[in-house]
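In my numbering, the protein residues as written are 213 to 670.
Ideal placement from N, C-alpha and C gives every residue a C-beta, glycine not left out.
Quick caveat, the model's predicted, so the values are computed rather than measured.
Worksheet: the structure to be examined is printed underneath.
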């Protein structure tokens, strides 16, 4: 109830600004005026005038968290730096405490960055996986800030492997992700208007993994808030499947020795990805299945994961043996009702570009973005969508460092897609048709990607 009122207040404030003019005039020194910029609805905020808002300048300070970014980008990724501006950290009212950043022990934390040289735009994102608000600083924030965009990111209202304990009903934690993203978008628009003297000319939603899911959901449910989005391998939730809860149980069964390679292929895992399976057995498959199953279907195995996914890394990453036999289709209707609260429809209302690696073995493309692209077409929104398969791409770019001869980072293709989106929205330049972006035999794949080159139309 408090969150709904907060969103309403933010919307009212934004409308008032549009009708009556900005709350603060542009110009003057940002350091003298930083405390005037208030985040509507925030329970706490702290502002800092910084010479560099990028990861290069913030490393080793409280204004970013390199540990929470681990694995998301390739080691040799080149990022811009030297973007001066204002950073605002804070949180909205919430009654959960999975996020301990800044020692606050308070969820619904956010970061808003306002560069001195502003291009009139705003980029909003939510944390991937169960990470927190600084997770995409290297992958997203650095470059959009250098391009002149204001930037806002949320921890989604809960984080960490015990996120599923947030809320009182199955699906509450994930449903909060969507509400918190809407809340931050409205608040950030108002903050931008206060800082620069006018509302953002363009607002883009984007994200990785769960942040990609948020991008899809926001463009389906709140297209009025955005001008477009880029979805980087967003998670797919559908009432009848497929999704995480239909593909991951087979992977868990393989960990425990009760499934064959052919069973994984049948479940959508790509042939040729076998070299990635051992890592995912240790780091992803077991924990992902058990915590998301606990979120939507806690009665299936009340003892595992139970009140916590674990207190050590070994406990957290270990699968629940019962998940090897999990059958989403056979579960009670209440489980599908819980998923329905957060399910996607494909009915996007703004231009969306989706990227997905063909070697993703956490969210296999065949059971995720292939399906979502079909949902978009079947809902009659196909002209608003582009879908690029990145050959050699997998779920986290950091694995490129271990397999440079077999993988390619998706980040440079994501950056190319973001530029294609803005050209599409702002200049009417239609991006390339849906296609597979080929992995070049040589050259720079860490910082270069041509969406229209080395490709075969699908």
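Query: CB-CB length for residue 621 against residue 286, believed under 8 angstroms; Result: 4 angstroms
Query: Top-ranked residue by Cα proximity to residue 514, from 624, 382, 656, 318; Result: 382
Query: Range of the contiguous beta strand (DSSP E) that encloses residue 260; Result: 256-262
Query: C-alpha gap between residue 343 and residue 300, whole angstroms; Result: 19 angstroms
Query: Residues that residue 338 bridges to, as DSSP identifies them; Result: 366
Query: DSSP-derived helix/strand/coil call for residue 567; Result: strand
Query: Segment limits, alpha helix (DSSP H) that includes residue 527; Result: 525-529
Query: Buried or exposed by the 16-neighbour rule on C-beta atoms within 10 Å, applied to residue 373; Result: buried
Query: Reduced DSSP secondary structure (H/G/I, E/B, other) of residue 595; Result: helix
Query: Neighbour-count burial assignment, residue 248, 16 or more Cβ in a 10 Å radius; Result: exposed
Query: Assigned exposure category for residue 353 - 16 Cβ within 10 Å defines buried; Result: buried
Query: Residue 654 versus 618, 483, 546, 327, residue with shortest Cα-Cα distance; Result: 618
Query: Integer-rounded CB distance, given that residue 325 should sit under 8 angstroms from residue 297; Result: 6 angstroms
Query: Touching by the beta-carbon criterion (3+ pairs, under 8 angstroms), the stretch 599-608 and the stretch 463-471; Result: no
Query: Distance between beta carbons of residue 461 and residue 538, contact taken as under 8 angstroms; Result: 4 angstroms
Query: Proximity below 8 angstroms, CB of residue 399 to CB of residue 422; Result: no
Query: Simplified DSSP state of residue 560, which is helix, strand or coil; Result: coil
Query: Nearest-angstrom Cα separation, counted from residue 548 out to residue 450; Result: 9 angstroms
Query: Length-filtered (3 minimum) beta strand (DSSP E) runs lying within the stretch 279-356; Result: 297-303, 321-327, 333-338
Query: Cβ-Cβ distance between residue 459 and residue 566 below 8 angstroms; Result: no
Query: Residue range of the unbroken beta strand (DSSP E) whose run includes residue 418; Result: 414-420
Query: Close Cβ partners of residue 295 (< 7 angstroms) along its chain, the five nearest in sequence each way excluded; Result: 264, 265, 266, 327, 357, 358
Query: N- and C-terminal bounds of the beta strand (DSSP E) containing residue 649; Result: 647-649
Query: Per-residue DSSP class, three states only, for residue 489; Result: helix
Query: Burial state of residue 406, where buried means 16 or more other Cβ atoms lie within 10 Å; Result: buried
Query: Whole-Å CB distance - residue 346 paired with residue 323, under 8 angstroms assumed; Result: 6 angstroms
Query: Limits of the alpha helix (DSSP H) - the one that residue 498 falls within; Result: 497-508
Query: Pick from 595, 646, 500 that is closest to residue 340, judged by C-alpha positions; Result: 500
Query: Within 8 angstroms, strictly: CB atoms of residue 404 and residue 362; Result: yes
Query: Within 8 angstroms, strictly: CB atoms of residue 643 and residue 632; Result: yes
Query: Every unbroken beta strand (DSSP E) inside the stretch 434-473 [3 residues or more]; Result: 440-444
Query: Supposed close pair residue 289, residue 573 - CB separation, criterion 8 angstroms; Result: Their Cβ separation, rounded to whole angstroms, is 22 angstroms, which puts residue 289 and residue 573 out of contact at 8 angstroms.
Query: Closest Cα partner of residue 386 within the set 397, 402, 369, 396; Result: 369
Query: Where the alpha helix (DSSP H) through residue 624 begins and ends; Result: 623-639
Query: Distance, residue 481 Cα to residue 532 Cα; Result: 21 angstroms
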